[in-house]
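2 protein chains.
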Amino acid sequence: MEKLLNELFERLSELYSLRKFSDLKALLLDIEPADTAYFLEELGENDKVLFFRLLPKQLASDVFVEVSSNTQEYLIKKFSDTELKEIIGDMFLDDAVDIIEEMPSNVVKRILKNTSPEDRATINKLLEYPGGSAGSLMTTEYVSFQSSLTIKEAFDKIRKEGVDKETIYTCYVTDSRKKLIGVVTVKDLLLNSYESKIEDIMETKIVYLNTLEDKEVVAKVFQKYDFLALPVIDKEGCMVGIITVDDAVDVIQEEATEDIHKMAAVTPTDKPYLKQGLFTIFLSRFPWLVLLMLSATFTSLIIGVYEEKLYLITPTLFACIPMIMGTGGNAGSQSAVTITRAIALDEVKFKDIFRVLLKEITVGIILGLGVSILCFLKLMFIDSLYNEVTPLIAFTISLSLFATIVLAKIVGAALPLLAKKIKLDPAVMASPFITTIVDAASLILYCALSLAIL
Amino acid sequence: MEKLLNELFERLSELYSLRKFSDLKALLLDIEPADTAYFLEELGENDKVLFFRLLPKQLASDVFVEVSSNTQEYLIKKFSDTELKEIIGDMFLDDAVDIIEEMPSNVVKRILKNTSPEDRATINKLLEYPGGSAGSLMTTEYVSFQSSLTIKEAFDKIRKEGVDKETIYTCYVTDSRKKLIGVVTVKDLLLNSYESKIEDIMETKIVYLNTLEDKEVVAKVFQKYDFLALPVIDKEGCMVGIITVDDAVDVIQEEATEDIHKMAAVTPTDKPYLKQGLFTIFLSRFPWLVLLMLSATFTSLIIGVYEEKLYLITPTLFACIPMIMGTGGNAGSQSAVTITRAIALDEVKFKDIFRVLLKEITVGIILGLGVSILCFLKLMFIDSLYNEVTPLIAFTISLSLFATIVLAKIVGAALPLLAKKIKLDPAVMASPFITTIVDAASLILYCALSLAIL
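The listed protein sequences derive, respectively, from chains A and B.
Residue numbers for the first sequence follow the working numbering, beginning at -3 and rising by one.
Residue numbers for the second sequence follow the working numbering, beginning at -3 and rising by one.
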């Protein structure tokens, strides 16, 4: 795949630089819009405009929705009103809304000015839904039937209106007050006789989303039930739009990215990395880094208190502090991240907390035994080459390591579940907070054990 | 949604415990198979079998594919051969293969014995593809046409065969040697006249997958192009199956979970957390924890070397080691995880390494300045309450922190990209390895700077 694509891009570059535009246009017809968008993205600004204007009419809008918002903004500024009107007119309304949400207000005004009054009203309505809600993700371009239609009439309606709909494969049956009463797929229509009535074949068991539902829920519902599209219902119970599976796929990726970023103490942003401004990156990382740096005050406080006493026993105790804290941190984030992901995928719920804790404590004890035995051997045979290590010192350090690992597993497993319970974000709890707590606790444990035993 | 579902489950429990089986059956018709599976999963073992046998015939196989593999195994053992034959016969072949892959060999034998000879041959062929390849994910139940068919004939074929196909919305046009020559959607069929020939309306620009392509590629292709199904082609160029978008959604989630686990130094397993055995969990975490514990030998070695000298200057320098190393680790994993995710989403490639490094260094400098100024203030006004802190000591510590943050950003950004280049897994590089490198480097830096300045 990758190789074929690179060959294609080389051929595009060649035709473009030789100005063989008619060959280029013919070739573009054979390329997926997403790939053309990728190629366009790599061109210089002036070339972007020139190249975009070479696109066959029927592809222009498909390619446009696939390029980055920076490029979209640049192109819109270069477009004539006629060009803009065509591009936006050929687009599905949810895509138009996605684009508008990223544009500065003067560009938004120009886009809306060049939209038909009907589309403008719908776009404005969609823009009112909070960002990330089902309402803001949906499109209003779906096929709906009255229940009294026959299959033949339904097919006629699809043939007439279908070309402008985001999907025709799932059609919705609504009553006179726009209440959703049934769903019918094209498969159902095809496998029944022409004379059957929609009301006799429609599915009345309907999975739907509310307009204000968060995109996290949208992702989960699509993953759980294998639908190609889901209807969106407003507060009054009327059907207002649909979300299609291709948009759900994007949402699923965004949600995973968000969780990954939070686990690494980065505030999520929805732009691709290379398009993020320096200031955005700075803001997404600075508060966390400061918070974690400040929380280390506890560890230096603890060390400050025990320092002299430990040093008098043996300096080796100091040399092992980073190892104990590091292993504790790693053991904790193993559990935290595993449990956080399991919560995100609905595999684990708060009611499972005791099962989870029992499992993590058991695993923690086995892991702790294994790791601390190896640590004991390492101390006796490797560290003893350059630090003072007696069997009792090695035992004390290994015992602390064991206790730290078990503790880390408990904290790492419990905190995400507790966070979920009190409606905080488990992903935020995952690594950074747990590390801080485990660090402080394991350090106290280590110092206390050392003083008690040695 | 959640609330409605809970009410439904309560009603199910009630009907089940009152043994009102005919009401229960009627209610089950109105519940999505995925929800019924969730309910069944919570029942005791004997109830699972009893409840499963209450399922309306047309739902049994849909529910069966949704329950966990432990439950599947248990149910199969309780099924009569006739029951097993029916359940497996109603299933799509890719689902049957998914189930078989999780079963012990005696159960596999029983399943295959109760499958039609034709299906058995196909299942055996699918089982030969390596796990996680496109071949192992695909199903062979798709609709194919000859190019000479008219649309009317095509519809007749769909009506005849469609009920057993995993999707009918995308149909494939193959020649006499099974080479894929075109794709046609039901939308195309509906929007053209009955007399048109398939060859005149089919799309010849085809995105496809090879049987041996990894599921990572499957996930990426589905995310990039918004298809409902993709054809899978074997080495000889013949079409052998399709992958549908609902299976791709599962793959996308699995890939994200794998990456998240790797970033937290856990070897990925594909079972849900609560179904994982203790030994599996132990094995997935132990090697990493040992590796990281052993790598801390470097830090204790370094501390061992500088220990006396630092202690003679001021014990405060020791107390701040965890803060420096911790902040360095956090700063590094912020970059590493962000870049790793961007690589996974194809937003960043190796050729961008200089852009990425420039960005990370700039951000690192700004972040480093901000954090170390705050650290200086913290040292002077908070730490000074319990440790010896002169302005020069605070300056030295803050300077080390600044250098550590910049260094951590460079290592954190470069390593995942280098890993990708030499075809290692960037996610594995993400947190644990980078932390180890940054820990050792920042410690040397800190000790050297302290000795030089103080």
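Glycine is no exception: its CB is placed at the ideal position from the N, C-alpha and C atoms.
C-beta neighbour in chain B for residue i, strict 8 Å
| i | result |
| --- | --- |
| residue 212(A) | no |
| residue 378(A) | yes |
| residue 274(A) | yes |
| residue 219(A) | yes |
| residue 343(A) | yes |
| residue 300(A) | yes |
| residue 88(A) | no |
| residue 355(A) | yes |
| residue 234(A) | no |
| residue 249(A) | yes |
| residue 404(A) | no |
| residue 40(A) | no |
| residue 330(A) | yes |
| residue 295(A) | yes |
| residue 241(A) | yes |
| residue 125(A) | no |
| residue 412(A) | no |
| residue 391(A) | no |
First and last residue of the uninterrupted beta strand (DSSP E) at residue i
| i | result |
| --- | --- |
| residue 229(B) | 225 to 229 |
| residue 178(B) | 176 to 181 |
| residue 168(B) | 166 to 170 |
Span of the alpha helix (DSSP H) around residue i
| i | result |
| --- | --- |
| residue 382(B) | Per DSSP, residue 382(B) belongs to no alpha helix (DSSP H) and is neither H nor E. |
| residue 86(B) | Neither: residue 86(B) is in no alpha helix (DSSP H) and is coded neither H nor E. |
| residue 104(A) | 101 to 109 |
| residue 42(A) | 41 to 50 |
| residue 53(B) | 53 to 62 |
| residue 455(A) | Absent from the structure is residue 455(A), since the part of chain A shown begins at -3 and ends at 450. |
| residue 120(A) | 113 to 124 |
| residue 29(B) | 29 to 37 |
| residue 65(A) | 65 to 74 |
Which residues DSSP lists as bridging residue i, in chain order
| i | result |
| --- | --- |
| residue 193(A) | 146(A) |
| residue 205(B) | 228(B) |
| residue 135(B) | 238(B) |
| residue 472(B) | Coverage of chain B is limited to positions -3 through 450, which leaves residue 472(B) absent and any answer about it impossible. |
| residue 13(B) | Partner(s): none; residue 13(B) has no beta bridge. |
| residue 18(A) | Bridge partners of residue 18(A): none, in fact. |
| residue 199(B) | 179(B) |
| residue 129(A) | 210(A) |
Residue-level contact to chain A via CB, residue i, 8 Å cutoff
| i | result |
| --- | --- |
| residue 128(B) | no |
| residue 59(B) | no |
| residue 151(B) | yes |
| residue 456(B) | Because residue 456(B) is not part of the residues shown, which for chain B are -3 to 450, the question remains open. |
| residue 35(B) | no |
| residue 136(B) | no |
| residue 283(B) | no |
| residue 175(B) | no |
| residue 326(B) | yes |
| residue 349(B) | no |
(message) For a minimum of 3 consecutive residues, which ranges assigned as the beta strand (DSSP E) are wholly contained in the region 208 to 261 of chain A?
(response) 225 to 229, 235 to 240
(request) Count the C-beta pairs between the region 259 to 279 of chain B and the region 266 to 278 of chain A that are closer than 8 Å, then say yes if the count reaches three, no if not. (result) no
(request) Determine contact between the region 136 to 149 of chain B and the region 91 to 100 of chain B, defined as no fewer than three beta-carbon pairs at a distance below 8 Å. (result) no
(request) Any chance you could list the alpha helix (DSSP H) runs of at least 4 consecutive residues sitting entirely within the region 298 to 365 of chain A, in chain order? (result) 312 to 315, 317 to 340
(message) Within 8 Å, do at least three Cβ pairs link the region 143 to 163 of chain B to the region 178 to 188 of chain A?
(response) yes
(message) Using a Cβ distance threshold of 8 Å, determine whether the region 28 to 41 of chain B contacts the region 58 to 67 of chain B, with at least three qualifying pairs required.
(response) yes
(message) Assess contact between the region 288 to 308 of chain A and the region 420 to 440 of chain A, defined as three or more Cβ pairs (one per stretch) separated by less than 8 Å. Is contact present?
(response) yes
(request) Decide if the region 214 to 231 of chain B is in contact with the region 163 to 172 of chain B; the criterion is three or more beta carbon pairs, one per stretch, under 8 Å apart. (result) yes
(request) Taking 8 Å as the threshold, find out whether the region 211 to 220 of chain B comes into contact with the region 121 to 134 of chain B through three or more Cβ pairs. (result) yes
(request) Decide if the region 231 to 244 of chain B is in contact with the region 252 to 260 of chain B; the criterion is three or more beta carbon pairs, one per stretch, under 8 Å apart. (result) no
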